[in-house]
């Protein structure tokens, strides 16, 4: 029995590794300092200089780690230390063509250099608190548990709170910044020189770039992890599986709020959300 289970898991691992190899790369690690990891599906590996990355890859840097990525559209991302970052979406035919880019910064700091693209293109970086959108510019994002800070170095960046309803947006230009919290967008401010230099230092990646060449990318040592089987206490009988009871007032619910198979219900939790009009603020008035 153990042999059959191990054999089955080996087949699953082989299929998973093959599927990962078939995915199209959308970015490459062109500069790496310190230690960083990449997680793809259920597998994690040390990040390598020159490694090719795919949609859905999640990167994490430790206290020494910094990473520079180049996307297939020519854009560049500098990722600072103690950051958690995900490549959610990258679609592009190459530099100067139409693109659809969506990146996620959960924690940490990054600096983005968005390459020029067609007017209909989209380039967004999301944090738990904010969404930034550009066409071609240099800007930075710092994501923290309670707030997100956005700073623009060149060009123009649209910023709005990351929420489904009640959208409001502003537009920032050179050296202007804003803080976004649960309560919404803060006041637009011009960052002091010392604060700008500190952010630049936090997102600098030491070293030199390797040439962007996805065909020469080294393989990542991604090995799927075997699923963990919960341990059952042999002194206790197995617990009977019961469905959740959504209506505890019915006679089919027990005192713990559980119900039998006959009282399962479908519940629609969808809600309609209204959107407010975006508001554009010109930096010349700040």
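Residue numbers (mature numbering (1 follows the signal peptide of the UniProt record, and there is no 0)): -23 to -1, 1 to 263.
Every residue gets a Cβ at the ideal spot worked out from N, C-alpha and C, and that includes glycine.
Ranked by Cα distance from residue 155, the options 136, 172, 2, 50 are led by 136. Residue pairing for residue 79: DSSP places it in a beta bridge opposite 66, 101. Residue 39 counts as exposed, since fewer than 16 other beta carbons sit within 10 angstroms of its beta carbon. For residue 115, there is no enclosing alpha helix (DSSP H); the enclosing beta strand (DSSP E) covers residues 115 to 120. Secondary structure note for residue 172: its alpha helix (DSSP H) is the uninterrupted segment 170 to 180. Contact between residue 185 and residue 29 does not hold, since the beta-carbon distance rounds to 19 Å and is not under 8 Å. Scanning its chain for C-beta atoms nearer than 8 Å, with the 5 sequence neighbours on each side dropped, one finds around residue 45 the residues 6, 7, 8, 9, 53, 54, 55, 56, 182, 186, in chain order.
Taking a 10 Å sphere around the C-beta of residue 98, we find 16 or more other C-beta atoms and assign the residue as buried. In the DSSP assignment, residue 31 falls within the unbroken beta strand (DSSP E) covering 29 to 31.
As the crow flies, the alpha-carbon of residue 157 is around 9 Å from that of residue 164. For a cut-off of 8 Å, the C-beta gap from residue 168 to residue 199 is around 39 Å, too long to register as a contact. Burial state of residue 131 is exposed, judged by a 10 Å Cβ sphere holding fewer than 16 other Cβ atoms.
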